[in-house]
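Report on the following structure.
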Amino acid sequence: MSAEKSGESASAPLADEPAFAPVSDSEIVFAGKVWDVRRDTFGYNGSGIVREYLDHPGAVAILALDEQDRVLLIKQYRHPVRTRDWELPAGLLDEAGEHPLVGAQRELAEEADLVATDWNVLGEFATSPGGSNEVIRIYLARGLAVAPEVFERTEEEADIEVRWVPLDDCVDAVLARRVQNPSLVIGALAAVAARARGWSSLGAADAPWPRHPVNWDHTV
Numbered sequence: 001m002s003a004e005k006s007g008e009s010a011s012a013p014l015a016d017e018p019a020f021a022p023v024s025d026s027e028i029v030f031a032g033k034v035w036d037v038r039r040d041t042f043g044y045n046g047s048g049i050v051r052e053y054l055d056h057p058g059a060v061a062i063l064a065l066d067e068q069d070r071v072l073l074i075k076q077y078r079h080p081v082r083t084r085d086w087e088l089p090a091g092l093l094d095e096a097g098e099h100p101l102v103g104a105q106r107e108l109a110e111e112a113d114l115v116a117t118d119w120n121v122l123g124e125f126a127t128s129p130g131g132s133n134e135v136i137r138i139y140l141a142r143g144l145a146v147a148p149e150v151f152e153r154t155e156e157e158a159d160i161e162v163r164w165v166p167l168d169d170c171v172d173a174v175l176a177r178r179v180q181n182p183s184l185v186i187g188a189l190a191a192v193a194a195r196a197r198g199w200s201s202l203g204a205a206d207a208p209w210p211r212h213p214v215n216w217d218h219t220v
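Shown next as structure tokens:
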């Protein structure tokens with residue numbers, strides 16, 4: 001179907017469209033330790049539809065870039081995929097009312113023992129739109145320094161491995177399919193593209209985040 005037939009202008013900027021199908025029933029069918037499974041009944045295209053999905057608090061990831069264009073990566077065990085994968089420092093937004101930027105600053109300190117003076121929004125993505133409402137915001141952190149406090153790490157974080165990797169090498173690893181973590185994949189590619197544009201695409205660190213479920217405006 002052409003853009004004209006679908007009601008969109010071919011010259012319109014490419015952008016997702018907010019849409020809120022009317023929900024007649026919503027319930028938690030599984031309450032987990034970290035996230036839940038929710039079942040919604042909603043109306044769409046004249047049909048009553050039932051869908052179950054992961055109900056997630058959302059997360060932040062941090063691409064910490066030093067003055068040599070190196071990225072701080074951590075290697076951590078991820079049980080669902082049975083892999084110790086290379087990642088950006090990241091964490092859940094599971095503290096009620098916490099601003100995503102504050103959460104990102106906390107996670108960078110806790111997972112990488114770093115603080116930063118310069119913060120920007122680098123990218124955002126939904127991890128699995130057909131089965132989860134999880135959204136992740138990736139921050140670019142620069143002006144790095146060692147955090148004043150070293151945090152004790154337990155469980156999967158107890159044996160975190162840290163490595164500084166040139167940004168271009170991160171992209172090489174992505175394109176060679178040697179790394180699979182989505183925040184790293186998207187963050188590295190976004191950073192190289194943003195750098196090529198003189199960082200003009202970066203967003204303000206405190207930019208609104210309407211795609212996060214806690215900020216949904218159901219009147220849209």
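Going by the UniProt record's numbering, the sequence shown opens with residue 1, and the numbers climb by one from there. Just so it is clear, CB atoms sit at the ideal spot from N, CA and C, and this is done for glycine as well.
Residue j and residue i - do their beta-carbons sit closer together than 8 Å?
i: residue 190; j: residue 122; result: yes
i: residue 84; j: residue 77; result: yes
i: residue 52; j: residue 29; result: yes
i: residue 136; j: residue 108; result: no
i: residue 183; j: residue 126; result: no
i: residue 13; j: residue 35; result: no
i: residue 131; j: residue 54; result: yes
i: residue 195; j: residue 124; result: no
Nearest-angstrom Cα distance between residue i and residue j?
i: residue 206; j: residue 101; result: 7 Å
i: residue 67; j: residue 74; result: 19 Å
i: residue 32; j: residue 198; result: 43 Å
i: residue 20; j: residue 105; result: 32 Å
i: residue 181; j: residue 86; result: 7 Å
i: residue 49; j: residue 43; result: 6 Å
i: residue 213; j: residue 145; result: 33 Å
i: residue 162; j: residue 115; result: 15 Å
i: residue 155; j: residue 79; result: 12 Å
i: residue 147; j: residue 192; result: 26 Å
i: residue 223; j: residue 40; result: Because the chain in this structure spans residues 1 to 220, residue 223 falls outside the shown range and cannot be described.
i: residue 220; j: residue 152; result: Legend: pLDDT at residue 220 = 39, less than 50; position of this residue unreliable, no value from coordinates given.
i: residue 201; j: residue 27; result: 39 Å
i: residue 164; j: residue 209; result: 29 Å
i: residue 11; j: residue 18; result: 19 Å
i: residue 174; j: residue 25; result: 41 Å
i: residue 94; j: residue 215; result: 15 Å
i: residue 110; j: residue 177; result: 28 Å
Pick out whichever of the options has its Cα sitting closest to the Cα of residue i.
i: residue 37; options: 173, 133, 88; result: 133
i: residue 81; options: 179, 106, 201; result: 179
i: residue 166; options: 146, 72, 103, 138; result: 72
i: residue 169; options: 185, 159, 155; result: 185
i: residue 16; options: 129, 160, 40, 88; result: 129
i: residue 139; options: 25, 27, 94, 99; result: 99
i: residue 88; options: 176, 94, 160; result: 160
Am I right that residue i and residue j are in contact with their C-beta atoms under 8 Å? What's the rounded C-beta distance?
i: residue 92; j: residue 141; result: Incorrect: roughly 18 Å between the Cβ atoms, too far for contact.
i: residue 187; j: residue 120; result: Not quite, the Cβ-Cβ distance comes to about 12 Å (not below 8 Å), so this is no contact.
i: residue 117; j: residue 143; result: 3 Å
i: residue 150; j: residue 113; result: 5 Å
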